[in-house]
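What follows is a single structure, written as structure tokens, with notes after it.
Residue numbers (my numbering): 4 to 279.
Here you go:
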């Protein structure tokens, strides 16, 4: 098993626009001394988003990742889902990827996400990423666990809430908006971001930040009696990714018989600011 030498080597579906929003929400929490709590991810695949989240762990906090990995699924529909979508998922691969970027692993709970509320303290998490099963019954349970574990004004990100192959996720997320007091702040092409706390200040600050971005489109409309920020990130420029602990050696480039091959005409002058 080869450890990744850069963040882009880690397989997964974590698009630049959502990297930007994870960075924005987690950095915003760093600027708010009273916004304390732990980090939690439900569903990790090969660790791409977990590696990113782990970079924002502060002293005294815990980061917990809960996933079945290669354990048996708790029911037949979930087992079929695992076989169809996550056949290559193993805990060993996750750990190798994570340790390529961080000195130590998060707390790993290798079990169905239905157990997570019994493993952590209620109200202890400031940021939760829900990205496990796509089946309604399981997502509904994950949302209930996230609600119980959320600290005041915690941010919860829900993956695949609008994907056509995951209608159960959409039903569970919008059901939580209608029945549990979940307030969505913004949505992207793949994720929804919300809170069971007060969303207003985050909305205002997020809109100010979005106005300064030329690589993101945004709009606002009323949904379920509250403003919802829609974000398109087709041109999003991802933030600087977590650096690997042991970067790959630099490629010296092609060489000729007696040394480096000459650069193509014009490249040297451009390197020194000429020949534009």
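Note that the Cβ used here is the ideal one computed from N, Cα and C, for glycine as well.
Query - Length-filtered (3 minimum) beta strand (DSSP E) runs lying within the region 15-66 - result: 41-45
Query raised in the report: From 10, 7, 22, pick the residue whose C-alpha is nearest to that of residue 162; which is it?
Result: Reading the chain shown from its first residue, position 159 is the one you call residue 162. Out of 10, 7, 22, 22 has the C-alpha closest to the C-alpha of residue 162.
Query raised in the report: Between residue 46 and the rest of its own chain, which residues show a CB-CB distance below 6 Å, the 5 nearest in sequence each way excluded?
Result: Counting from 1 along the chain shown, the entry for residue 46 is found at position 43. Around residue 46: 70, 134, 135.
Query raised in the report: Pairing CB atoms from the region 100-111 with CB atoms from the region 142-158, are three or more of them under 8 Å?
Result: no
Query raised in the report: Taking the Cβ atom as the reference point for each residue, do residue 171 and residue 196 lie within a distance shorter than 8 Å?
Result: Your numbering for residue 171 matches position 168 in the chain shown. Your numbering for residue 196 matches position 193 in the chain shown. No. Outside cutoff.
Report task. Figure out for me which residue from 129, 96, 55 has the closest Cα to the Cα of residue 40. Result -> Along the chain shown, one-based indexing puts residue 40 at 37. The shortest C-alpha separation from residue 40 is found at 129.
Report task. Identify whether residue 118 lies in helix, strand or coil by the three-state DSSP scheme. Result -> As a working note, residue 118 is residue 115 in the chain shown. Of the three classes helix, strand and coil, the one that applies to residue 118 here is helix, per DSSP.
Query raised in the report: What number of angstroms, rounded off, separates the C-alpha of residue 37 from the C-alpha of residue 122?
Result: The residue given as residue 37 occupies position 34 in the chain shown. The residue given as residue 122 occupies position 119 in the chain shown. In a straight line, the C-alpha of residue 37 is about 24 Å away from that of residue 122.
Query - Contact set for residue 98: own chain, Cβ-Cβ below 7 Å, skip 5 residues either direction - result: Walking along the chain shown from the start, residue 98 turns up at place 95. Cβ within range, chain order: 108.
Report task. Could you have a look at residue 204 and say whether DSSP puts it in helix, strand or coil? Result -> Your numbering for residue 204 matches position 201 in the chain shown. DSSP places residue 204 in helix when its eight states are reduced to three.
Query raised in the report: Under the three-state reduction of DSSP, which class applies to residue 6: helix, strand or coil?
Result: As a first step, residue 6 is located in the chain shown; it is residue number 3 there, counting from the start. In the structure shown, residue 6 sits in coil (DSSP, three-state: anything other than H, G, I, E or B).
Requested in this report: Just grab the DSSP bridge partners of residue 308 for me.
Outcome: Since the first residue shown for the chain is 4 and the last is 279, residue 308 is missing from the structure and cannot be characterised.
Requested in this report: For residue 250, write down the residues that DSSP places opposite it in a beta bridge.
Outcome: Looking up residue 250 in the chain shown gives position 247. Bridge partners of residue 250: none, in fact.
Query raised in the report: Considering residue 13, what are the terminal residues of the alpha helix (DSSP H) in which it resides?
Result: As a working mapping, residue 13 is identified with position 10 in the chain shown. No alpha helix (DSSP H) contains residue 13, which DSSP labels as neither H nor E.
Query raised in the report: The alpha helix (DSSP H) with residue 95 in it runs from where to where?
Result: Walking along the chain shown from the start, residue 95 turns up at place 92. First-last of the alpha helix (DSSP H) with residue 95: 94-102.
Query raised in the report: Do you know whose CA, among 198, 193, 201, 206, lies nearest residue 167's CA?
Result: If you number the chain shown from 1, residue 167 lands on position 164. Of the candidates 198, 193, 201, 206, the one whose C-alpha sits nearest the C-alpha of residue 167 is 193.
**Report entry** Distance between residue 53 and residue 75 (C-alpha atoms, nearest Å)
**Finding:** Numbered from its first residue, the chain shown carries residue 75 at position 72. Numbered from its first residue, the chain shown carries residue 53 at position 50. If I take the Cα positions, the gap works out to 22 Å.
Query raised in the report: Looking only at C-alpha atoms, which of 156, 120, 169 sits nearest to residue 147?
Result: Reading the chain shown from its first residue, position 144 is the one you call residue 147. Of the listed residues, the one whose Cα sits closest to residue 147 is 120.
Query - Range of the contiguous beta strand (DSSP E) that encloses residue 231 - result: Stepping through the chain shown from its first residue, residue 231 is reached at position 228. Element bounds for residue 231: 229-235.
Requested in this report: Pull up the distance between the alpha-carbon of residue 95 and that of residue 5, whole angstroms please.
Outcome: Counting from one through the chain shown, the residue named residue 95 turns up at place 92. Counting from one through the chain shown, the residue named residue 5 turns up at place 2. In a straight line, the C-alpha of residue 95 is about 11 Å away from that of residue 5.
**Report entry** Cα-Cα separation between residue 16 and residue 228, rounded to whole angstroms
**Finding:** Here the question's residue 16 lines up with position 13 in the chain shown. Here the question's residue 228 lines up with position 225 in the chain shown. Between residue 16 and residue 228, the C-alpha separation is close to 31 Å.
Query raised in the report: Got a sec? Which residues, its chain only, sit under 8 Å from residue 213 by beta carbon, not counting five neighbours each side?
Result: If you number the chain shown from 1, residue 213 lands on position 210. If we look at residue 213 and ignore the five residues flanking it on each side, its Cβ neighbours are 219, 221, 232, 234.
Query - Where residue 105 sits in the DSSP three-state scheme - result: Walking along the chain shown from the start, residue 105 turns up at place 102. Residue 105: coil per DSSP, three-state reduction.
**Report entry** Beta bridge counterpart(s) of residue 131 as assigned by DSSP
**Finding:** Here residue 131 refers to the residue found at position 128 when the chain shown is read from its first residue. Answer is 43, 159.
Query raised in the report: Exposed or buried, which one is residue 7 when buried takes at least 16 other CB atoms within 10 Å?
Result: To locate residue 7, count along the chain shown from 1; it is residue 4. Buried is the call here.
Query - Distance between residue 64 and residue 177 (C-alpha atoms, nearest Å) - result: One-based indexing of the chain shown puts residue 177 at position 174. One-based indexing of the chain shown puts residue 64 at position 61. Answer to the nearest angstrom: the Cα atoms are 30 Å apart.
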